[in-house]
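In the numbering used here, the protein residues as written are 137 to 260. Ideal placement from N, C-alpha and C gives every residue a C-beta, glycine not left out. This structure is a prediction, so every number in the text was calculated from the model and none was measured.
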């Protein structure tokens, strides 16, 4: 089975990076990814989370996005500053969930440029 995402950590900058590797993902893929990120977060202190969705082409159904959002809200991921990186040519497949997260008070921002996303995460 092909990996759907890759998670790396930058210990110097205290950032967790998640990169989605396929054009499509499922609710189960996201839940697995969230579990892995939560495990990493539980073992150390992190400043930011960069989620790179530039390869994703199709948005997940809205109902599933809401379910994922509820899970994130209950997890440690909701406490960390998050940069969503998306492909400007493909649109933000997470636009809905990002908007809902912002309304719930999460520190989350959308970017099309990786350097801008990294710079924002580094800001205090």
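Residue 218 classed as buried or exposed, judged by whether at least 16 other C-beta atoms fall within 10 angstroms: Within the chain shown, the letter at position 82 stands for residue 218. Buried, because 16 or more other Cβ atoms sit within 10 Å of the Cβ of residue 218.
Uninterrupted beta strand (DSSP E) stretches inside the stretch 161 to 195 (no shorter than 3 residues): 184 to 188
Where residue 246 falls: helix, strand or coil (DSSP): On the chain shown, residue 246 is found 110 positions in, with the first residue counted as 1. Residue state, collapsed to three classes: strand.
DSSP state of residue 157 mapped onto helix, strand, coil: Within the chain shown, numbered from 1, the residue matching residue 157 stands at position 21. DSSP places residue 157 in coil when its eight states are reduced to three.
Three CB pairs or more closer than 8 Å across the stretch 176 to 187 and the stretch 197 to 209: no
Local Cβ density within 10 Å of residue 189, reported as buried at 16 or more and exposed below that: Walking along the chain shown from the start, residue 189 turns up at place 53. It is buried - the Cβ of residue 189 has at least 16 other Cβ atoms within 10 Å.
Residue 256 versus residue 213: straight-line alpha-carbon distance, rounded: The residue labelled residue 256 in the question sits at position 120 within the chain shown. The residue labelled residue 213 in the question sits at position 77 within the chain shown. Cα to Cα, residue 256 sits roughly 17 Å from residue 213.
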